[in-house]
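Just so you know, numbering that gives the first Met the number 0 puts 16 at position 17 of the sequence shown, and the rest follows in order with no gaps.
Beta carbons are placed, not taken as given, at the ideal position from N, Cα and C, and that holds for glycine.
See structure below.
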Amino acid sequence: MLKKFAIALAGFIAVVVILGAVKAAQIKEMSSMDHSMPPLSVATSEVQAVNWRPTLKAIGTLASVEGVTIAADADGTITRIAVESGAPVRAGDLLVAIDTSVEEANLKAAQATAELNRINLERAKDLWGRQAMAKSDYDAAAAAAEQSRAAVAALEAQIAKKQVRAPFDGRAGIRHVNVGQFVARGAALMPLQKLDPIYLNFNIPQRQLPALAIGQTIAVTVDAFDRVFEGRVTAINTEVDASTRNVAVQATLANPDELLRPGMFSRVEVQLPTADTLMVVPATAIAYASYGNSVFVVETMKDPAGKEYLGVRQQFVQLGATRGDLVAVTGGLKPGEQVVSAGVFKLRNGAAVQVNNTAQPTSNPSPKPANT
């Protein structure tokens, strides 16, 4: 009985030893395996050194070079509207006619009186020349003739006031009146705007005044159109607004197609004369964080065993000016270095990467449509 027990115990010990050896071998094999994370797929972009002209950015409003609301200069009933809403007009074109029947009748009477007084004056001149008329009678005839001419001129002026004409070339707006409507003096008839060229009014802080000069180029965008309009600074106000400490600036833009309209909200960039050399990267390359913004530079690294691999180095940077999809950065970057432009969110310092630029994000300083 003891012999059988000893044999069973020896067999059990042998099984335990064998199983322990197998397990130890498995543990050794597993410990020798590489448990490093597989390389992360990223897209890269090259750090570029570019010359960017600094700009002043502002918000502005478009205004017509010449713009008025045409108003009636005399009371009366409208007999004719000579221009349609939105039509172009030339200086001197008839816009609205107000009834002048009474003035025209009075004018005919005044003209008849003036003609009679002219004839009387001619007769008086003849008699005065032959000394057959007293000087006082001649003076009375001359005064009557002059007075009648003045009466004719006054009636002609009244009639002209009721013929409302365009004071300058432009485009008529939507009319406010209709034929047959009675209007009082000063009543609004229709707006008239000269749209080409067109003004842009905006303000800049007083500290930026030294950088501004007449003739500087501006780039203007409006919400209505997917394009950039160019103009030039044509006037800078001579005083600073005491309440806002801003300076009023006016620029002039060519507007041959009349796309730009007075009152439009506009974004303005004033191109300054000096250019700065800056390091720029795509905006998608920036890893934003509360403790500092950074980019990931792709370079060859070595693991603890001395084996080389392609990895990323986190480089903290300061952000500068932005142009479209590009951002200027300072701090530790050199032209030609490769930075991660897609996949930044999944990286950490020293992580292994695999470059795949088939899905490269855009990096255009002037994207279409413009970034807002």
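- Under a 10 Å Cβ-count criterion, A57 is classified as buried, with 16 or more other Cβ atoms of the shown protein chains found around its own Cβ.
- R170 and V297 have their C-alpha atoms some 60 Å from each other.
- DSSP, read as helix, strand or coil, puts T251 in strand.
- Under the three-state reduction of DSSP output, Y198 falls in the strand class.
- For K306, there is no enclosing beta strand (DSSP E), as DSSP marks it with neither H nor E.
- Rounded to whole angstroms, the gap between the alpha carbons of A150 and L188 is 29 Å.
- Around the beta-carbon of Y290, fewer than 16 other beta-carbon atoms lie within 10 Å, marking it exposed.
- Counted as a single uninterrupted DSSP element, the stretch harbouring K301 is not any alpha helix (DSSP H) but the beta strand (DSSP E) occupying residues 293-301.
- In terms of Cβ geometry, V239 and L211 do not form a close pair [threshold 9 Å].
- With a contact defined as Cβ atoms closer than 8 Å, V67 and L191 qualify at about 6 Å.
- With fewer than three CB-CB distances shorter than 8 Å, the segment 179-188 does not count as touching the segment 208-228.
- Note on L154: 16 or more other CB atoms within 10 angstroms of its CB, so buried under the neighbour-count rule.
- When A70, I80, T60 are compared, the shortest CA-CA separation from S265 is found for T60.
- S147 and A109 have their C-alpha atoms roughly 7 Å apart.
- Listed in chain order, the beta strand (DSSP E) elements of length 3 or more contained wholly in the segment 36-81 are 39-45, 47-51, 54-70, 75-80.
- Contact check for V316 against I285 passes: the beta carbons are separated by less than 9 Å.
- Excluding residues up to 5 positions away in sequence, S84, G85, M189, P190, L191, Q192 lie with their Cβ nearer than 8 Å to the Cβ of G172 in the same chain.
- T99 sits close to G75, with the two beta carbons spaced by under 9 Å.
- Ranked by how close their Cα comes to the Cα of A152, the residues L106, L115, G91, V163 have L106 in first place.
- Counting along the chain, the unbroken alpha helix (DSSP H) around S147 starts and ends at 134-160.
- Ranked by how close their Cα comes to the Cα of N200, the residues E268, D92, P303, N355 have E268 in first place.
- In the structure shown, the three-state DSSP call for F344 is helix.
- Counting only residues of its own chain and dropping the five nearest sequence neighbours on each side, T43 has a CB closer than 8 Å to the CB of V297, Q337, V338, V339, S340, V354, N356.
- Residue pairing by DSSP leaves Q205 without any beta bridge partner.
- By the Cβ neighbour-count rule, K333 is exposed, with fewer than 16 other Cβ atoms within 10 Å of its own.
- Sequence-distant Cβ neighbours of T233 in its own chain, meaning closer than 7 Å and more than five residues away, are I213, Q249, A250, T251.
- For a cut-off of 8 Å, the C-beta gap from R89 to A143 is around 41 Å, too long to register as a contact.
- Going by beta carbons, A62 and M278 fall outside the 9 Å limit.
- Taking the Cα of D324 as reference, the smallest distance to any Cα among V280, W51, A288, L120 is reached at V280.
- Bounds of any beta strand (DSSP E) do not take in L259, whose DSSP letter is neither H nor E.
- Remark: C-beta atoms of Q157 and A96 do not approach each other more closely than 9 Å.
- Counting only residues of its own chain and dropping the five nearest sequence neighbours on each side, F228 has a CB closer than 6 Å to the CB of V219, L252.
- Boundaries of the beta strand (DSSP E) harbouring R266: 264-270, taken from the DSSP string.
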